[in-house]
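S.K.:
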Amino acid sequence: MKVNSEDSPRVPDGQRIEVEKLGKGFYAVTAHVGFMERADVPSLLEQCRAQGLAIDIMETTFFLGRETLIPAQKSDLNPIMAGMFFWLHSSALSATRFFSIPPNRVVELGAQIEI
C-alpha cells in the first residue's frame with residue numbers, strides 16, 4: 006500500500022482508493038488523502054471493499070521502515086542544529102501511530118544513520 010498526500014485539502018471518496026491486481030493474490034493499493042485529512046490506514050483498507058478487495062486488518066502484516074540517528078564523531082553540521090534535528094526526529098510520531106496501524110500487526114525494519 007502506498008499513501009499519497011495530495012495538494013488539495015480533501016479527496017472525494019470515489020477518488021481515494023486505486024487497486025491494481027498484480028497476479029498470484031497480490032495487489033497494489035494506492036490511497037490518496039488530502040493534506041487536511043488523516044491517513045488512517047485501517048479506514049482506507051476498509052474502503053477497498055468497494056473495489057472488490059476485502060482485507061482483514063487483523064490478518065494483515067505491515068512492514069515499516071525506521072531510522073535511528075547516531076551522532077557522528079566528526080560532523081559538518083553545527084552542534085546546535087544537530088541537537089535540534091535529533092530532538093525533532095525523536096519527537097516525531099512513529100509511522101505506526103501516524104497511520105493508525107494496530108501495533109501488533111507491524112514489523113519494523115530499521116537502519117542506523119550517522120549524522
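Per my numbering, the sequence shown starts with residue 6, numbered consecutively.
Every residue, glycine too, gets a C-beta built ideally from N, C-alpha and C.
#1: Could you check the C-alpha separation between S13 and R102 for me, to the nearest Å?
#2: State the CB to CB distance for the pair I62 and P107, rounded to an integer number of angstroms; the pair is presumed to be in contact (CB under 8 Å).
#3: Where does S95 fall in DSSP's three states?
#4: Please list the terminal residues of the continuous beta strand (DSSP E) segment that includes R71.
#5: Residue range of the alpha helix (DSSP H) that S3 falls in?
#6: Am I right that E42 and R15 are in contact with their C-beta atoms under 8 Å? What's the rounded C-beta distance?
#7: If you follow the beta strand (DSSP E) that W31 is part of, which residue opens it and which one closes it?
#8: So which of D45, Q78, I85, L27 has the shortest CA-CA distance to L58?
#9: Can you determine whether any heavy atom of the ligand ATP sits closer than 7 Å to the C-beta of S13, and answer yes or no?
#10: Would you report the Cα separation of S105 and F67, rounded to the nearest angstrom?
#11: Bridge partners for I22 per DSSP, in chain order?
#12: Is G57 helix, strand or coil by DSSP?
M.R.: The structure says:
#1: 23 Å
#2: 7 Å
#3: helix
#4: Going by DSSP, R71 is part of the beta strand (DSSP E) stretching over 67-75.
#5: Beyond the ends of the chain as shown, which are 6 and 120, falls residue 3; an answer cannot be given.
#6: 6 Å
#7: In the sequence as presented, Trp is not what sits at residue 31; that position holds Phe. That run of the beta strand (DSSP E) goes 31-38.
#8: L27
#9: Questions concerning the ligand ATP fall outside what the structure shown contains, since it holds no ligand whatsoever.
#10: 12 Å
#11: A36
#12: coil
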